[in-house]
Amino acid sequence: MNRLTVSLLALAILTCEAIGQSSDPDRTPMKPPQIGAPHGYFVSVSEYRITTPRLGSLRTAEVLQMLKQGPQGETVTHLQSVGLSVADGVEATAQFTRRVPVVTGIISNGSHPAQKVMETMEVGTILHVLATAQNDRVRIQLKYESSRVVGDIPDDRTPTFGTSEVDSLLHIPLGELAMVSSIVSNGETIATTITLTQSPDK
């Protein structure tokens, strides 16, 4: 092997080493994802009916404390809860519907027994969530729509339907109950809450 061949081999080795090194000395090498970083969440949205003489003077923290204790006879009634698993930074939607037969009218001509006019009406819930981790809290873009029959379904008249619709942006910590909305009417309040927990890694 002559000197020219040795020189070319040395030059090739130096060139490969230079290519393998970063041209930017300040460049930080990419790190693998941290073990235990949040990959997803479970979002639970609940509605409660609260009836108490102190309703008008209760603060949000006091209402949340009552809800944490669960149903309390006629004071706190759990109406419904819906849950949805979501990945961090990915929009997700869940929809639950059911059909309810209701009386919409009565037909009577005097000579025949009264006949009920029945129709089937659809009620249900739509939950739309976008959750994004931000430091020690999670940014939640929430859309929640719910409709239901209020009280028992009567046999001789059209029932009363109640609807709820929430479009909100929240920043909440993991594992804590948070108030989304509430309405006070006729001596009772309907409170909508949200709880966010981290989904376990599979």
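Numbering that gives the first Met the number 0 numbers the first residue of the sequence shown as 0 and each following residue consecutively. Glycine included, C-beta positions come from ideal geometry on N, C-alpha and C.
Going by Cα to Cα distance, which pick from Thr157, Ile125, Ser146 and Ser167 is closest to glutamate 118? Considering only alpha carbons, the answer is Thr157.
Can you tell me which of Gln140, Ile106 and Phe160 puts its alpha carbon nearest to the alpha carbon of valine 89? With respect to the C-alpha of valine 89, the residue from Gln140, Ile106 and Phe160 having the closest C-alpha is Gln140.
Could you tell me the boundaries of the beta strand (DSSP E) in which glutamine 64 lies? Unbroken run through glutamine 64 is the alpha helix (DSSP H), 59-67; no beta strand (DSSP E).
By the DSSP assignment, the beta strand (DSSP E) with arginine 156 in it spans what residues? Going by DSSP, arginine 156 is part of no beta strand (DSSP E) at all; its letter is neither H nor E.
Can you tell me whether alanine 93 is helix, strand or coil according to DSSP? Secondary structure of alanine 93 (DSSP, three-state): strand.
Candidates Val62, Ala130, Asp155 and Met178: which alpha carbon is nearest isoleucine 105's? Of the listed residues, the one whose Cα sits closest to isoleucine 105 is Asp155.
On a CA-only basis, which of Ser180, Gln64, Ser80 and Val81 is nearest threonine 74? Give me that one, please. Taking threonine 74 as reference, the option from Ser180, Gln64, Ser80 and Val81 with the minimal CA-CA separation is Gln64.
In DSSP terms, what glutamate 144 is bridged to: According to DSSP, which records beta bridges pairwise, glutamate 144 is partnered with Ile125 and Glu164.
Would you be able to state if there are at least three C-beta pairs under 8 Å between the segment 92-105 and the segment 118-130? Yes, the segment 118-130 touches the segment 92-105.
For glutamate 46, the first and last residue of its enclosing beta strand (DSSP E): Glutamate 46: member of the beta strand (DSSP E) spanning 39-49, first to last residue.
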